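Participant: My questions will all concern the structure given below.
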Amino acid sequence: MGVNIEASKNLRIDYKDLSPSSAPEDVYRTARALGRDSKMNLKFNLTWLFQVDANFTYIVRLHFCDFQLDKVNQKVFNVYLNNQSAQADPGAADIIAWTGGKGVRTYKDYAMVVTDGPGDEMVQIDMTPSTMSKPEYYDSLLNGIEIF
1180 MGVNIEASKN LRIDYKDLSP SSAPEDVYRT ARALGRDSKM NLKFNLTWLF
1230 QVDANFTYIV RLHFCDFQLD KVNQKVFNVY LNNQSAQADP GAADIIAWTG
1280 GKGVRTYKDY AMVVTDGPGD EMVQIDMTPS TMSKPEYYDS LLNGIEIF
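What the sequence shown shows, in our numbering, is residues 1180 to 1327, in sequence order.
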């Protein structure tokens, strides 16, 4: 489930106070989203799985830039790391609320410990639409992932 989307060639990506060296512009010109069918989106997650070494603390950096919408509470979603709330209701992710506008990029860092139990050598990232704030669209969006 999910669709790849790309920003218009005419859209200028705004780095605001963040260094352009933090990620290439192409990261913010493309994204993965659930799609346009809000009813269907409520039944699914966007999910990524990454194999990592156990017994380490990792920083998971998620890159965001909404190049389609321009108002707060149009697209609000929950973020989970290894089935733990990272950015979830009542403080769900709203890219426009974070950045102040369309085409403005940002990233969020989350620390997580990966233990050495059975099946623990994975970082799982799940994103699902939030319903709590009744956003205009039930969707999720992510431009890039770094794990270090």
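All C-beta atoms in this analysis are idealised placements derived from N, C-alpha and C, irrespective of residue type, glycine included.
Just so you know, these numbers come straight off a predicted model, no measurement behind them.
Is Glu1315 helix, strand or coil when you go by DSSP?
Facilitator: coil
Participant: Going straight from the alpha carbon of Ala1267 to that of Phe1256, what length do you get?
Facilitator: 7 angstroms
Participant: Between which two residues does the alpha helix (DSSP H) harbouring Met1219 extend?
Facilitator: Ser1217 to Asn1220
Participant: Taking its Cβ as the centre, do 16 or more other Cβ atoms sit within 10 Å of Lys1254, making it buried, or is it exposed?
Facilitator: buried
Participant: Counting Cβ pairs, one atom from each stretch, are 3 or more of them under 8 angstroms apart for the segment 1182-1202 and the segment 1288-1297?
Facilitator: no
Participant: Does the Cβ of Phe1229 have 16 or more other Cβ atoms within 10 Å, making it buried, or fewer, making it exposed?
Facilitator: exposed
Participant: Specify the secondary structure class of Asp1295 as computed by DSSP and reduced to three states.
Facilitator: coil
Participant: Contact check, Leu1321 vs Ala1186 under 8 angstroms by CB: the rounded distance?
Facilitator: About 14 angstroms; that fails the 8 angstroms criterion.
Participant: Helix, strand or coil for Pro1199 per DSSP?
Facilitator: helix
Participant: Straight-line CA distance for Gln1247 to Gly1214?
Facilitator: If you draw a straight line from the Cα of Gln1247 to the Cα of Gly1214, it comes to about 12 angstroms.
Participant: Starting from the C-beta of Phe1327, find all residues in its chain whose C-beta is less than 6 angstroms away, skip the five residues before and the five after it, and write them out in chain order.
Facilitator: Ile1238
Participant: Please classify Arg1208: is it buried, with 16 or more other beta-carbons within 10 angstroms of its beta-carbon, or exposed?
Facilitator: buried
Participant: Based on Cα-Cα distance, which residue from Pro1203, Val1231 and Met1306 lies nearest to Glu1300?
Facilitator: Ranked by Cα distance from Glu1300, the first of Pro1203, Val1231 and Met1306 is Val1231.
Participant: Applying the 10 Å Cβ sphere with the 16-neighbour rule, what's the burial state of Met1306?
Facilitator: buried
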